[in-house]
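This report concerns only the one structure given below.
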Amino acid sequence: MVGSPVLFVAIPLLAAFIIPLTGMIWKNSVRIIPGLVLAFMFALSISLMGYVSEHGTIVEVIAGWKPPIGINLVFSPFTGFLTMLMTFLGFMVWLYSYKFKRNVDFEPSMKYFILLMLLVTGSVGIVLTGDIFNMFVFIEIVSISGYGLTSFYTRRDSAEAAFKFLFMGAIASTFLLIAIMIIYSQLGTLNIADIAEKMPLMDNKLKVLSLVFFILAIGVEAEIFPLNGWAPDVYTQAPGPIGAAFAGIVVKAAIYASVRLVYTMYDFGGAFDLFIIIGLITFIVAETTALRQDRLKRMLAYSSIGQMGLVMIAFGIGTKEGVYAALFLMFNHAIIKSLLFFSGSYLVFNKKNKYIKHVNGMGKYLPITSVLFTIGSFAIIGLPPFSGFWSKLAVLTAAADSKMVILIAVILIISILEAVYYLRVVNRIYFFDKKEKTETQKPSINALIAMICLGIIVLVIGFYPDLISGYLDRAATDLMDKGNYIKEVLTINK
Amino acid sequence: MKIAIILISLGILGFYLMDIFFGIGFGVQHFSNGVKDLYLSNSKDILKVSNVVTSIVVNFRGFDTLGEVTVLFLASTALGGILYKKRHHVGERSVLFPASRIVMSGAKLLFPSIVLLGAYVFIHGHLSPGGGFQGGTIIATGFLLMLLTYRNYSVSHNRLVYFESLAGILFISIGLVGYFSKGSFLENVLPVGNMNDLFSGGVIGIIYIAVGFKVAAELTGIIYTVLHEKD
Amino acid sequence: MNIIILILILFFLGAIITAFSGKISALVQDILFLIVLVVPAVLFFTGVDMNTESIITFSQAQLTFGMTPLSYYFSLIVMGLAVLAGFYTVGQMNGKKRKGYYYLNYILSIGAMFGILMSKDFISFFIFWEIMTWASYLIVIYNGKNVQKIGIKYFVMSAIGAYAMLMAIVLIHSITGSFLITDLISEYTGMTQGMQLLIPALLLIGFGVKAALMPLHIWAPDAYSNAPMSYTAIFSGALSKMGIYGMVIVFLSLLSKVPEGALIRDIVAWLAAITAAISTLWAIKQDDAKRLLAYSSIGQLGYIIIGVAIGTPMSIIAGLFLAFMHGVFKSALFMVVGAVEKQTGTTDLTEVTGLIRKMPWTFLAALISIIALAGIPPLGGFVGKWMLYESLILSDHFMLVILVFFSSTAAFLYCYKILFGFFLGQEEKEWAHVKEAPAIMIVPMVILSISSIVLGTYPQLILKPINAAMMSFGLPDTYGNLWKESILFNKWGNQIALAPIMYGIMLVFVIVTIFLFFRNRSRTRYVTTKDISTSGEIIKEHENLTFSRGFFQPFLRAVEPVMKRQIDKYMLSFAKGVEDLFEFTRRIYNGNGQTYAIYAMIFLIILLMFGKNLLG
Amino acid sequence: MEKYLDILNVAIYGSAVLLMLIGLYGALTKKSLIKIVLGLSILDSGVHLLMIAIGYLKDGTAPIFSAGNEEKMSVMVDPIPQALVLTAIVIGFGVTAVAISLVIRLYRHHNTLRIDEIKKLKW
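This is the structure in structure tokens:
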């Protein structure tokens, strides 16, 4: 083994504590060290994925105590895949924002990068941890760095968005604690595998109610329908790359948490139906709301919420194909939505309120950015040969295999709306005349590299989906096999 | 109307919560093979730490504590970011009146003993109730007292950063030492000593001291930042 | 490397290279564009046969490529038109903006059509279908006019069709466990009755959109007329045929096998007949040549669909034959309109007049194509229409015959209108400067017109591949016995060549022409068009005597009630209503953080109260 | 004995739940941002109380071994909720600190503390 999952948490935290010191000596270090750390995390995740695919799941215990006693980190094909995705995106976000707002002073930029790094770390922690309370701690790490990052720009209305986020987040964390305590009071353990094993012992009523609290608490971060009022505001007001980080990293972690609950911890068949219902409502409301947006980032935000609804639906199908499709969707959504946020922020750079009409005629001024935005739009609509098509196909195939004909119809009808609002923007980029004479900002070279990387991934996966389908397949198998998870965590010999 | 909806939903929520917790019952243990007994016995037999809560916080669930420390660090970082102003905007501290002489003298008198108490609490965290968080908070209240009392009492920002960072680095370094020497993050690498001794529990004491310093520095930093906020 | 894959790669790489080669020089770009169109066509006709098959395996799906007789037939249309329209395009696009963009999407859509035809499984079929859709969408909005309205309308309708098809595809996969078209065909009869109806219906919606079948046609007039004419030739000539191609598969290999299929076939046939009739009326009403031809295309596609849907061997021959012919003459007509547009700057029939002397070749192409379109004997359209009528009558679809006959006759009206509007009538000063279009645009038109004549004379040139295609669907070998099938052929002997009669007619025609020419040569004089239309009165400047204004008013007044109800308007108002509804849903997010928290509480309460029922 | 337990039941859990409801009520109905933050803190305290209460064992002692009670493991109250509540309190503090700083920012930006007047971002 080349490394250990615990380094995903230890190294970034170490770096976060070191950065304030090195920043006093060498100012650029506050920007470079986070990048190095994120690159290290990505490399580590790749090397561990290689190990995992040969030797099976890594269960790493903390402080030398075997699972139920100690906290453990589980690096399985499933969690490893998400880790890889998140760290990659984290690195991309760093790369994109390396020269971001150079005019901002030293101290905020230090805070920005520390918060960004810990946002990624927290999300990775949520995914890797095998302990329910530890998950709560990581969720809070993610939330607090999220609040900080959202209100990074002092001149925008960002504090308002952050406060809404905090309001919801605080309520959510309260109910998360209640749910954890209900489970603890009944089973006397906090380890997910242990809980899953003992779950049949629990009183049915308490089981239902605790799951309800869990859904409320995690649903806030997962942006499910009535709990996602904060999300569009945050996406709009946070710096552009942070929108991508939220869509690509934080939400993924929250979805992971809810999936882990339903697939591993609880043994309700009905929970899958709940997933489908919630996902469907979220999908419909978000996509219909996105149709009438007049601000670009808000539109992207609602679209992102809608896609998460689709992911929930795919997980709710409950078969291996469904999980495969959901993971594929998560992957695609992370890449594509980041691409859209990255390129979209340059299209409406420095514009007040970021109206969609500001993109008019940008195709002439920012050709590469516009092309990338177009590729992203086409991909997220699900047009072949871009990557979005394969995931949409996977979702529909999975739904069809479970005989959910009406579900397919609804997904497809709503997808048409999605196509409409994205194409409206693309049409504006190329076929409308730019009215006002405001200056446009050319993307800096690092931002361009990040966008092009993502664009290439979209194209490559579109032409050759098998590049990741092996990972997805193993991940789906891993998630479906609940017994194996319990066995691997509880019988680790250390 | 809105209030009515809220009240009704709160009523229903309250009913369900009471229902749940009455069902659970007070002072009853529902599980037989939980981790509680394992913690108690391991703490006594292996770690030789008398305060089981401390051994849980620092060792068994030390990862939580690392996260917790990070949350505090994040809070102070985020706070700094949120309330950031360019240097020349920094205003006076918003203490309206200077305190009376009695308060000033009393504060001066109390401050060292408060810090000492805090230090005592976190150093003895593994023996008696208390620990790094509690001690750190106590120290921070000492600084709060000074900041409230003296209009121009200032804490060196850089010094806070040093404490904060070094304490954090110490925590993680101990963890990494455990990882590299024993193969598990935060694993105890020092001899555990005898129960109820000051030098018992291996790295637990050191970690709690680091936590204490870190919490004290961070809370002081947070208080300092907020107090310096003025329109 | 398999040759089909090679051709596809050539198309797609070539498209991208062509798009960017504009940076080097415009000439290089044009040449590259033609190379990318011609080389695959040559490769295809020399290298591909029925045995070539290649499989690309993905974990999710297996893409199988190969050729069937049917797809060979349609490839003839696509490849031929693509090359001809390609040359025309080079002429038309000369000096226009965004050439790279246009060439890219042109080649992409051709490649996608080729891909559709070569697909043996539904996934690659759908992939290329969608590539074709967005490539053509990007061309439809190429002009930048009414982008948000026309473009989005086209895309939404296409998406409805494509998603209906996708739904059918995943349903098929869930039942048969495979995406192969042959697997669907073999397992179709064993499905439940609901699926037996649902799957073809969904597929037909998908194909019907591209073939502009009645309630799904609303995108077509706008999209056809908004795209540059050089692409509309492809759009109407080849791209719409993809819908026909799919329909042939659905009708012949699925619906003909189950008794319930008759219902869907009748519905589609009736819809197609109504499409033909109403769009013909609409075509008559148009004053813009592009829109006129767009409606005319919809009507013609209606005939083709009727032929395919009825499903007797002869009607299928008729439909497929008409599909080819429509590709030939309608492309030529769109090219004519494009040439006129390029030279005069407008396509308004009431403005442009008297071009006959200025653009003689264009006129010739228009004349021949219109004769073919109207179905007048010596040309190709006649053969197809004859067989269609005959098959309808023989299969007792008398009401359909009446409708088709009506629209076919009414088609004469708009045929005349376009011929007269552009080329005849008085010569106005405004158009005195107009010259003939460049040769590169003329040649494709003329080639197409000549092929109309040839195909009218030697229909077996394409009846052979049609017959091969039909035999592959298990229909009897009609080619050898064709003279028994249709009166048209068996009256004239046991071979299909209508050549002797045609040559006879032509010979007489030519002789008479020569005779008249020589006899009257000495008396030839230049007649200004004003002379004939004023009866000696002196015309004032403001009086427009082209007659192309307000053509056929009495007729249109008579059919007014039929045309009042436009599906287009209903659909648009529906779309608007939906959008207004969504305007309401976004009010949920009212901006107050506290309200969001209250939503959360209500959500919690609902889950608490009903969670037990749901989770069980 | 049952009755005694019941009274404690009501007293401890009831007060914890009541604290939570008060906190929620404040957070959901009060218009002032400061009061909302206060409400959230009260909500937090209620949960912390609940957590501690769940760990209690009847007639239990503190989970600290001293020279005399090394064998009395079975009567010790559950130490885990206490450890958890420590973490939860610190996290709650962090959130409150961030919330307060956001309130300060909002006041600076909008010159008001009424939440229903701070809704520039909507729809």
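Chains as they are written, first to last, in this note's numbering: chain H, 1 to 494; chain C, 1 to 231; chain E, 1 to 616; chain P, 1 to 123.
Idealized CB from N, CA, C, for every residue including glycine.
Using beta-carbon distances, Leu190(C) does not count as an interface residue toward chain E, since no partner is under 9 angstroms. According to the DSSP secondary-structure assignment, Phe65(E) is paired through a beta bridge with Ser54(E), Ser119(E). Sequence-distant partners of Ile306(E) (beyond 5 residues in either direction) whose C-beta falls short of 8 angstroms from its own C-beta, in its chain, are Ala269, Ala272, Ala273, Ala276, Ser315, Gly319, Leu388, Leu392, Leu400, Val404. The alpha-carbon separation between Gly151(E) and Met404(H) amounts to approximately 32 angstroms. Beta-bridge pairing by DSSP links Arg295(H) to Tyr355(H). Scanning Val36(E), Ala19(E), Pro215(E) for the CA closest to the CA of Ile567(E) turns up Pro215(E). When Cβ-Cβ separations below 9 angstroms define contact, Glu160(H) makes contact with chain P. Shortest Cα-Cα distance from Gly193(C) to any of Leu83(C), Leu74(C), Ile204(C) involves Ile204(C). Between Lys564(E) and chain H, the shortest Cβ-Cβ separation is not below 9 angstroms.
When C-alpha distances from Ser113(C) are compared across Gly131(C), Pro98(C), Gly142(C), the shortest belongs to Gly142(C). By the beta-carbon neighbour count (other beta carbons within 10 angstroms, threshold 16), Phe17(H) is buried. Cβ contact annotation for Thr344(E) (same chain, cutoff 7 angstroms, sequence separation greater than five): Val352, Trp431, Val434, in chain order. By the C-beta density criterion, Thr397(H) is buried, having at least 16 other C-beta atoms within 10 angstroms.
In the assembly as shown, Gln193(E) is an exposed residue. Its beta-carbon has fewer than 16 other beta-carbons within 10 Å.
Thr350(E) and Met445(E) have their alpha carbons spaced roughly 23 angstroms apart. Collapsing the DSSP output to three states places Asn146(E) in coil.
Annotation: Asn158(C) to Tyr471(H) spans about 47 angstroms, alpha carbon to alpha carbon. Taking CB atoms only, Ser9(C) has a neighbour in chain E less than 9 angstroms away.
CA-CA distance, Ile54(P) to Lys487(H), rounds to 29 angstroms. Under the DSSP assignment, Ile58(H) falls in the beta strand (DSSP E) whose first and last residues are 58 to 61.
With a 10 Å radius around the Cβ and a threshold of 16 neighbouring Cβ atoms, Glu439(H) comes out exposed. Closer than 9 angstroms to the CB of Trp65(H) there is at least one CB belonging to chain C. Between Gly39(P) and Leu19(P) the beta-carbon gap is near 11 angstroms, outside 8 angstroms, which marks them as no contact.
Collapsing the DSSP output to three states places Met76(P) in a strand. Ile141(E) carries a coil assignment under DSSP once its states are collapsed to helix, strand and coil. Within its own chain, the residues whose Cβ lies closer than 8 angstroms to the Cβ of Val103(P), once the five positions on either side in sequence are excluded, are Leu33, Ile34, Val37, Leu113, listed in chain order. Under the DSSP assignment, Asn9(P) falls outside any beta strand (DSSP E); it carries neither an H nor an E label.
Between the region 196 to 216 of chain H and the region 89 to 96 of chain H, the count of C-beta pairs closer than 8 angstroms stays below three; the two stretches do not touch. At least one CB of chain E lies nearer than 9 angstroms to the CB of Lys119(P). Pairing Val336(E) with Ala366(E) gives a Cβ-Cβ distance under 9 angstroms. For Ala27(P), the chain E residues whose Cβ falls inside 9 angstroms of its Cβ are Gln594, Ala597, in order along the chain.
Each residue's CA atom was taken as its position, placing Pro34(H) and Val170(E) some 45 angstroms apart. In this structure, DSSP gives Arg265(E) a helical state, which the three-state scheme calls helix.
Within the same chain, Ser21 come within 7 angstroms of Val28(E) by CB-CB distance, once the 5 residues on both sides are set aside. Contact between Ser391(H) and Phe328(H) holds, with the beta-carbon distance rounding to 4 angstroms and staying under 8 angstroms. In summary, Pro221(E) is buried, with 16 or more beta-carbon neighbours lying within 10 Å of its beta-carbon over all protein chains present.
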